[in-house]
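Position 45 of the sequence shown, counting from 1, maps to 293 under the working numbering, and the rest follow consecutively. Just so you know, even glycine gets a beta-carbon here, dropped at the ideal spot from N, CA and C. To keep things clear, I will list the structure first and then write my remarks on it.
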Amino acid sequence: MDNYGTAHLVAMALFIVGLPVAVALGRRERRTGSHAVSRAAAVAIPLVHVPTQVVDVVTRFEIGVSLPLHLSDLAWIAAAVALWTHDRRAVALTYFWGLVLTTQAILTPSLGEDFPDLRFFAYWFIHLIIPWAAVLLVWGRRLPPTWREYRFTLAVTAVWAVSAYCFNVVADTNYGYLQRKPSNGSFLDLLGPWPVYVLAEVAIVAAIWALMTWPWTRHPADQSPIGDGSASDAR
């Protein structure tokens, strides 16, 4: 797929349109006490994504692509759990990963396959639904992160990064772009050579996540830091 070609632009447009829709659906759930949309999405994620992964592994396995070692493979699981349970830790993972890391994959995708390849649909399904889930849960359902969830996300991400790096070294792969930058260009090109760009990315992501946490925690627990200001929204 050509970055910023027709298929990519259509996908980005769909992403943008879906964000306010997800927020509206989440707010409707909060008002009515329903869980219908959240749980339908939670079921849809594995029902759609797992079969596509199985087909990909069976029909054209590539050790550097097909294994579930991408951060998005953890993010979709976190999103499904968060949508079904509203567990704060799962919501935080979806929020931080979805709105910072997954969106980078939307803006600068590293995808060799184009429409209508199965990998194209699998890639965009999972990379669109994760940030949609994040805004539904945080701005719609009002389940914002605290500093505890921030630290939890940092710890889980560190464990994933170390595990992926070790596998990359052994198998000569590049999960998480921890060994080298994507060949089609990305934000990482601005951060210097390896390993400087990896260390810079860690610092930048940690800082951005802290900024994403701070607005939700600077008010008393019974106030809403963002939105309509109702106390019920913040709980």
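Taking buried to mean at least 16 other C-beta atoms within 10 Å of its own C-beta, is ILE311 buried or exposed?
Exposed, because fewer than 16 other Cβ atoms sit within 10 Å of the Cβ of ILE311.
Go ahead and label THR307 buried or exposed: buried means 16 or more other beta carbons lie within 10 angstroms of its beta carbon, across all protein chains shown.
exposed
What's the call for LEU295, buried or exposed, on a 16-neighbour Cβ count within 10 Å?
In summary, LEU295 is exposed, with fewer than 16 beta-carbon neighbours lying within 10 Å of its beta-carbon over all protein chains present.
Going by alpha carbons, who is nearest to HIS283 out of ALA330, TRP442, VAL450?
ALA330
At the level of alpha carbons, what is the spacing between PRO379 and VAL271?
Looking at the backbone, the Cα of PRO379 and that of VAL271 are separated by about 11 Å.
From ASP362 to VAL265, what does the alpha carbon distance come to, in whole angstroms?
22 Å
With distances taken from CA atoms, which of THR300, TYR252, ILE456, LEU273 is nearest ASP365?
THR300
Are three or more beta carbon pairs between the segment 388–399 and the segment 274–288 nearer than 8 Å?
yes
Within its chain, find whatever has a CB closer than 7 Å to the CB of THR350; leave out the 5 residues flanking it on each side and keep chain order.
Once the five neighbours on either side are set aside, the close Cβ partners of THR350 are SER320, ALA323, HIS375, ILE378, PRO379.
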